[in-house]
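1 is the number of the first residue of the sequence shown in full-length UniProt numbering; add one for each residue after it.
Positions of the beta carbon are idealized from the N, C-alpha and C atoms, including for glycine.
Please read all numbers here as calculations on a predicted model, not as lab measurements.
Report on one structure; see the data block that follows.
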Amino acid sequence: MVASQTSSTVEASLTALAVSLRGVTKTYDNGVMALGPLDLAVRKGEFISLLGPSGCGKSTALRLIAGLSTPSSGIVRVARHEGVPQPGHGIGFVFQEPTLMPWTSVRDNVRLPLRLGRVPKAEACARADAALASVGLADFADAFPRELSGGMKMRVSLARALVTDPDILLMDEPFAALDEITRFRLNNDLLALWRSLGKTVIFVTHSVFESVYLSQRVVVITARPGRIQADLRIETIEPRAEEFRTSAAYSDYCRRVSAALAPSYAGQSTL
Ligand SMILES: Nc1ncnc2c1ncn2[C@@H]1O[C@H](COP(=O)(O)OP(=O)(O)OP(=O)(O)O)[C@@H](O)[C@H]1O
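What follows is the structure, encoded as structure tokens:
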């Protein structure tokens, strides 16, 4: 995978907001108050994680940012798209399941968003191949999803989200189903992509360890209705890599994030 952008370049790109949520609440039709009020500002080029207990509204927050759902109150703003964002406008979404079409090739899966956007086939195929190369799957464009491992399928899903060159990447527990080694490799590859492409990433996870390893900021969400419990900055030498995972600073950040998360689980069964 391509990597390499200096930390000063990363810092320089953090000049404006990519996403802002102000006083946002979401109550579903069945009366479930999923979220809020939530206030969150994400700078352009920033990598943040949303961390919180099951059902606290993390996916709901991503869906609101993506414009796949509307808030019950409050304002969601996405850079260059004032008001309610429209689906697909500058936003790529990676779900927990790779959700690939099994009957067609990896290339066709990746070019789907371009096909829906009526991009001519030759251009769409070239862009799909470039996206596949960026996730290390240049040699698998003609393969079928059944021929790929779980980690490779997730890379295809990531390529499909990147193929439209979105400014913002929303990732909803994308690596939760993978084994630990594969997850660590994908963590590193995602960081390399983030550094080279300069996108804003909002990453949902249940894992304290993953959130600290990946993010510049870990935003801890309370139990439902989700509000911000804590917003912790993770500062280390960039680009971070495996050495960070075994450092004293990493353990310390993990302890602090766990402590911030504990109240969100208060009163919940751990079974
Ligand atoms: N379409 C819907 N209609 C009604 N209730 C919903 C809907 N989507 C989510 N909910 C409820 O809203 C709450 C928040 O759900 P959400 O999926 O956002 O949480 P989450 O933090 O992402 O959970 P998890 O970590 O388990 O994926 C939950 O109680 C859920 O049951």
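In this structure, the C-beta of residue 30 approaches ligand 1 to less than 7 Å from one of its heavy atoms. Residue range 17-27 is occupied by the beta strand (DSSP E) that includes residue 25.
Residue 228 carries a strand assignment under DSSP once its states are collapsed to helix, strand and coil. Looking only at 245, 101, 77, the smallest Cα-Cα distance to residue 147 is reached by 101. The continuous beta strand (DSSP E) containing residue 39 extends over residues 33-43. Residues 41, 42, 43, 44, 77, 79 of the same chain have their beta carbon placed closer than 8 Å to that of residue 17, with the five preceding and five following residues left out of the count. A distance below 7 Å between beta-carbons, with the five flanking residues on each side excluded, links residue 236 to the following residues of its chain, in chain order: 244, 249. The C-beta of residue 109 has 16 or more other C-beta atoms within 10 Å across all chains shown, which makes the residue buried. For residue 169, the enclosing beta strand (DSSP E) covers residues 168-172. In the pairwise beta carbon analysis, the segment 19-27 is classified as not touching the segment 205-217: fewer than three pairs are separated by under 8 Å.
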